[in-house]
Amino acid sequence: MDKFGDVGLTLDLLALPFVQSALLAAAILGVVAGVIGPLIVRRQMAFAVHGTAELGFTGAAAALLLGVGVEYGAVAGAVIAALALGLLGTKADERDSVIGVVLSFGLGLGVLLLWFYEGRASSKLGLLFGQVITVDSTNLAVYACSAVLVLGVLAVIYRPLLFASVDPVVAAARGVPVRVLTPLFAVLIGITTALGVQTVGVLLVLALLVTPAAAACRVTSSPLLATVLSVVFAEVAVLGGIVLSLAPGAPISAFVTTLSFVIYLVCRAIAAARGRVSGRVAQPVSVPAGR
Amino acid sequence: MTTRPAVRLVDAGLSFPGRTLWSGLTMSVQPGEFVAVLGPNGSGKSSLLKVLLGRLRLSTGAAEVAGGPDAVGYVPQQGAVETGAATGIRGVDLVGLGLDGQRWGLGLRGMRRRRQRVAEAVAAVGAEQFAGKPFNQLSGGEQQRLRVAQALVGEPAVLLCDEPLLSLDVAQQQAISELIDRRRREAGTTVLFVTHEINPILSYVDKVLYLVDGRFRVGPPREVMTSAVLSELYRAPVRVVELDGQLHVAGAHSAVCEDEPHHVQQRVAG
């Protein structure tokens, strides 16, 4: 425990190439997660992200067993999951339970696959809790390609997707292809989730895909500012979390989730403080304005 | 008048398996006309709007909107569950989505012009004070003003309104109706206004389309909204009483009465 906050040791470790690739991978994840996060929050898909991540774990476990790259397994599992959730849970009243059903089965299957696997136990735990330190240059290339793909598709569909997310009735009336966008967005979530599986692990993907965006949405309603803040928050959490975990050699997830949780609490406090101020001043103004 | 109609329906019919909503519907709406679409729940009023938006295909006949679906503005019901809460955006963002939200790409070019058009649309409905606030924190009347701005920002030739006054108080109903009427007089925008309650818009309406159970009648409000015509449409005794310039419909049973909006969503609109 006395290694916590050992600046010298941290600086030494930061000079190592594998630590630098880890940070690079995390930075890429931070950008993608930060950009896609506000859309997840607006579409109320946090639980869907969790379910997708669990299936990413199943895919990764299968890849481990088959001796294929874990990142490919995670992507395959998460994308299949995202599509399955999209196809099975089209009705709003079913969505929640469908995710629960698929999630539990996926996790169970993953546990079985890991039981068959006879390799190192740390590889198994890494999938659940993250092991960014093992990212190598091949992983980095896959990372970068996935990130470019997700951001590229998002750039094309961003406006109609935002429209369909916040204002579905008018968006459909204006000819936005809502039925095409929903599964497409699910696939993007699948790919992003798979990136997260490698760094923070399956169980904590929400800390990067949802928490920074949720924090940003507490303090601003501007879509652009929310995206910028969400990227900044995600970067602070993931890069900060990795740096803090270096000296003690502790799992990074604890640090990443704690940082993003603290950011969230601060944003809530800011929103609450603002609400108290504007509650006194602005309300008497805004009420007659509607008449 | 030989101008090209803004909306034209020729022998139009809409059926779902086992049920015909309406058929043989022929009507032309001229540019700048204000048409109220009335009728009980399930008579196919909203479906008519969906046909004009290009989201439902007619079973028979033809429907034509001048300029196509892109030249159509749409104002939904305020506060309905299916309309969505529009969380995480400001009023101006909602209006902006009405301008180009259906287009692909980020739309980085023409940002200045876009901002200017959104600002003009916000000013036209008198929403400058609150357009920068989170949309879901606004009152029902404020939200609906911005909805009108959202529908008009693209300068549509035809404005389709689906129960836009529902769950608003009387003062707000008047304000929203006036905004819509002013636009059609100033810009010649055609208005099709689906409503269960004609009185807030009675003074603006040129024409009424009254749909009941597949039967319908088109004409000036005081020709359609009569005891004789409505009794025939409903096939039950219905009385229309005029009180202080307002039309009140009293039926054999309450289903006819105007006080029964569908998707009942009572909410206190502050």
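Chains as they are written, first to last, in full-length UniProt numbering: chain W, 1 to 291; chain R, 1 to 270.
Glycine included, every Cβ here is placed at the ideal spot set by N, Cα and C.
All figures in this text were calculated on a predicted structure; none of them were measured in a lab.
Query, Result
"Taking C-beta pairs closer than 8 Å, name the residues in chain W that R:Gln116 reaches, listed in chain order.", "Within chain W, no residue comes near R:Gln116; the closest Cβ sits about 17 Å away, beyond 8 Å."
"Which residues, in chain order, does the stretch 36–47 of chain W contribute to contact with chain R at a C-beta distance below 8 Å?", "Pro38, Val41, Arg42"
"So, for W:Gly241: in the same chain, excluding its five sequence neighbours on each side, which residues have a beta-carbon less than 6 Å away from its beta-carbon?", "Ile252, Phe255, Val256, Leu259"
"Taking all protein chains shown into account, do 16 or more other C-beta atoms lie within 10 angstroms of the C-beta of W:Asn139, making it buried, or fewer, making it exposed?", "buried"
"Please list the residues of the stretch 103–137 of chain R that have a C-beta atom closer than 7 Å to any C-beta atom in chain W, keeping them in chain order.", "Arg103, Trp104, Gly105, Leu106, Gly107, Gln129, Phe130, Pro134"
"Against chain R, which members of the stretch 221–241 of chain W pass a CB distance test of less than 8 Å?", "Ser221, Ser222, Pro223, Ala226"
"For R:Arg4, count the other beta carbons within 10 Å of its own beta carbon; 16 or more makes it buried, fewer makes it exposed. Which is it?", "exposed"
"Listing by chain order, which chain R residues have their CB less than 7 Å from the CB of W:Asp167?", "Gly84, Ala86, Leu94, Leu97"
"Excluding the 5 residues flanking R:Gly24 on each side, which residues of the same chain have their C-beta closer than 7 Å to its C-beta?", "Asp11, Gly13"
"Within this structure, are the beta carbons of W:Ala61 and W:Ala74 separated by less than 7 Å?", "no"
"Would you list, in chain order, the members of the stretch 38–61 of chain R that have their beta-carbon closer than 9 Å to a beta-carbon of chain W?", "Leu49, Lys50, Leu53, Gly54, Arg55"
"If contact means a Cβ-Cβ distance below 8 Å, which residues of the stretch 147–181 of chain W contact chain R?", "Ala155, Val156, Ile157, Tyr158, Arg159, Pro160, Leu162, Phe163, Val166, Asp167, Pro168, Val169, Val170, Ala171, Ala172, Ala173, Arg174, Gly175, Val176"
"Does the Cβ of R:Val29 lie closer than 6 Å to at least one heavy atom of the ligand NAP?", "Looking for the ligand NAP in the displayed structure turns up nothing, as the structure carries no ligands at all."
"For R:Gly98, which residues in the same chain have their Cβ closer than 7 Å to its Cβ, ignoring the five residues on either side in sequence?", "Gln150, Ala151, Val153, Gly154"
"Report the three-state DSSP secondary structure of W:Trp115 (helix, strand or coil).", "helix"
"Rounding to the nearest angstrom, what Cα-Cα distance links R:Ile51 and R:Arg57 in this structure?", "Here residue 51 of chain R turns out to be Val, not Ile, going by the sequence shown. Using only the alpha carbons, I get a separation of about 6 Å."
"Give a yes or no on whether 7 Å exceeds the smallest Cβ distance from R:Gly67 to chain W.", "no"
"Flag W:Cys267 as yes if its beta-carbon sits less than 7 Å from any beta-carbon of chain R, otherwise no.", "no"
"Mind listing the chain W neighbours of R:Pro76? Cutoff is C-beta to C-beta under 7 Å, in chain order.", "Val169, Val170"
"Which residues of chain W have a Cβ atom closer than 9 Å to the Cβ of R:Glu150, listed in chain order?", "Looking at the sequence itself, residue 150 of chain R is Gln, so the reference to Glu does not match. Those are Asp167, Val170, listed as they occur along chain W."
"Within 10 angstroms of the Cβ of R:Gln172, are there 16 or more other Cβ atoms? Answer buried if so, exposed if not.", "buried"
"So what's R:Met111 in DSSP terms, helix, strand or just coil?", "helix"
"Within the continuous alpha helix (DSSP H) that includes W:His50, where are the two ends?", "46–66"
"Counting only beta-carbon atoms, is W:Val277 nearer than 7 Å to chain R?", "no"
"At which residue ranges does the stretch 205–239 of chain W contain complete alpha helix (DSSP H) runs of 4 or more residues, listed in the order of the chain?", "205–209, 211–219"
"Using a Cβ-Cβ cut-off of 7 Å, state whether R:Ile89 counts as contacting chain W.", "yes"
"Note down, in chain order, every chain R residue with its Cβ under 7 Å from the Cβ of W:Leu217.", "Before going on, a small fix: residue 217 of chain W reads as Cys here, not Leu. In chain order: Gly88."
"With a threshold of 6 Å on Cβ separation, who are the neighbours of R:Arg145 within its own chain once the five nearest residues in sequence on each side are excluded?", "Val125, Ala127"
"Between W:Glu54 and W:Leu88, what straight-line distance do the alpha-carbon atoms span, to the nearest angstrom?", "17 Å"
"According to DSSP, simplified to helix, strand and coil, what is R:Leu211?", "strand"
"How long is the line joining the alpha carbons of R:Asp181 and W:Tyr158, rounded to whole angstroms?", "34 Å"
"State yes or no: is the beta carbon of R:Gly245 nearer than 7 Å to at least one beta carbon in chain W?", "no"
"Is R:Asp206 closer than 7 Å to R:Phe34 when the C-beta atoms are compared?", "yes"
"Report all residues from its chain with a CB closer than 7 Å to the CB of W:Tyr264; omit the five preceding and five following residues, and keep chain order.", "Thr211, Ala214, Ala215"
"On a CA-only basis, which of R:Ser167, R:Gln246, R:Ala175 is nearest R:Ile198? Give me that one, please.", "R:Gln246"
"Where does R:Pro156 fall in DSSP's three states?", "coil"
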